[in-house]
């Protein structure tokens, strides 16, 4: 290969390396599997009619309002309805969400799961939420076992 | 060589073994140091955050009336003297407001008049080391990490044969190898096999 040919190849390679991230920047970064292109369901609809969607693959979108600080193994996505959000949980190490994605927007796909909690588990979860919010926790306020919903994450696009 | 000495014949495998051990060892130094440092860091993930140092500052302010989110956000920005409106905001509960800025957040309880300003900072070098060690990039890096593992295996085996005689595997070396083997076997025996 001549020097001129090698120079051209190097320039072309560098240009490609620069163009590709610029061209894809507006589309956001994909974590995990590429999105399948399913219709998006509102998170409020998902939670209001949960039994219809349990164990089904769903696609949601929303503001990322929380991320696991240690392992990046979950992100909390805000609902279209106030005071609501849903956890998008992935297996440790399979997908890792950096803390920088807090405050960004996600389109995420996964399997909607329902977990029936025991009374003790419900109390523990309620106590955890109260602690996070800086509220006083009253164990007697939880009298019945609860249900917890989350999305078992497959992939997400964040921008 | 004198007239009475027989010329050495045969493949000089130890020379090749030592050359490969040396050169591949040099090749693996960087990744070994990265994996070693990251390994210790993530081993203690229950005691600390190996990727981020999260700075938290608690602030107090005059309580804000619970109402429309935008109104509460504007009031919080003023009372906490924040640098302008946030990029986004969210309320997990009527009196709890989360504000999102570039790289930092504010979580406030409007009724109690308390707020926590939180800014996660990357741990220098360590976050990148963990990123590689734990195979966060996936894809091509998986193959690179596999190749490194193969080289480590190779280094382990060739290392056994670098020296010969009393300093080698047949001499004092066998005791060190046995001691090294005893560590994992001992832990497995105590914690798993016979627990």
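Protein chains in written order, with our numbering: chain A, 3 to 161; chain B, 393 to 587.
Ideal Cβ placement from N, Cα and C applies to all residues, glycine included.
Please look up how many angstroms separate the CB atoms of residue i and residue j, rounded, as I've assumed it's under 8 Å.
i                     : j                     : result
residue 409 (chain B) : residue 569 (chain B) : Their Cβ separation, rounded to whole angstroms, is 16 Å, which puts residue 409 (chain B) and residue 569 (chain B) out of contact at 8 Å.
residue 62 (chain A)  : residue 87 (chain A)  : Residue 62 (chain A) to residue 87 (chain A), Cβ: 11 Å. No contact.
residue 161 (chain A) : residue 29 (chain A)  : 7 Å
residue 124 (chain A) : residue 105 (chain A) : Actually they do not touch by this definition, with Cβ atoms about 30 Å apart.
residue 502 (chain B) : residue 487 (chain B) : 5 Å
residue 443 (chain B) : residue 513 (chain B) : Going by Cβ atoms, the distance from residue 443 (chain B) to residue 513 (chain B) rounds to 10 Å, so no, they are not a contact pair.
Helix or strand or just coil, what does DSSP make of residue i?
i                     : result
residue 104 (chain A) : coil
residue 528 (chain B) : coil
residue 118 (chain A) : strand
residue 139 (chain A) : coil
residue 447 (chain B) : strand
residue 583 (chain B) : helix
residue 146 (chain A) : coil
residue 88 (chain A)  : strand
residue 578 (chain B) : helix
residue 557 (chain B) : helix
residue 476 (chain B) : coil
residue 2 (chain A)   : Lying outside 3 to 161, the shown extent of chain A, residue 2 (chain A) is not represented and no answer is given.
Can you check which of these residues, the options, is closest to residue i by C-alpha distance?
i                     : options                       : result
residue 116 (chain A) : A:145, A:143, A:108 and A:150 : A:150
residue 154 (chain A) : A:10, A:59, A:145 and A:43    : A:59
residue 451 (chain B) : B:444, B:505 and B:544        : B:505
residue 143 (chain A) : A:52, A:127 and A:158         : A:127
residue 90 (chain A)  : A:141, A:33 and A:123         : A:33
residue 422 (chain B) : B:574, B:530, B:447 and B:543 : B:543
residue 436 (chain B) : B:578, B:522 and B:562        : B:522
residue 485 (chain B) : B:579, B:478, B:493 and B:464 : B:464
I need the boundaries of the beta strand (DSSP E) containing residue i, first residue and last residue.
i                     : result
residue 514 (chain B) : 506-514
Looking only at DSSP bridge pairs, what is residue i linked to?
i                     : result
residue 440 (chain B) : Beta-bridge pairing links residue 440 (chain B) to no other residue.
residue 490 (chain B) : B:482 and B:499
residue 59 (chain A)  : A:113
residue 69 (chain A)  : A:77
residue 33 (chain A)  : A:158
residue 152 (chain A) : A:89 and A:115
residue 452 (chain B) : B:506
Terminal residues of the continuous alpha helix (DSSP H) containing residue i?
i                     : result
residue 406 (chain B) : 405-435
residue 46 (chain A)  : 45-50
residue 82 (chain A)  : That residue, residue 82 (chain A), is in no alpha helix (DSSP H); it is neither H nor E in DSSP.
residue 465 (chain B) : 461-471
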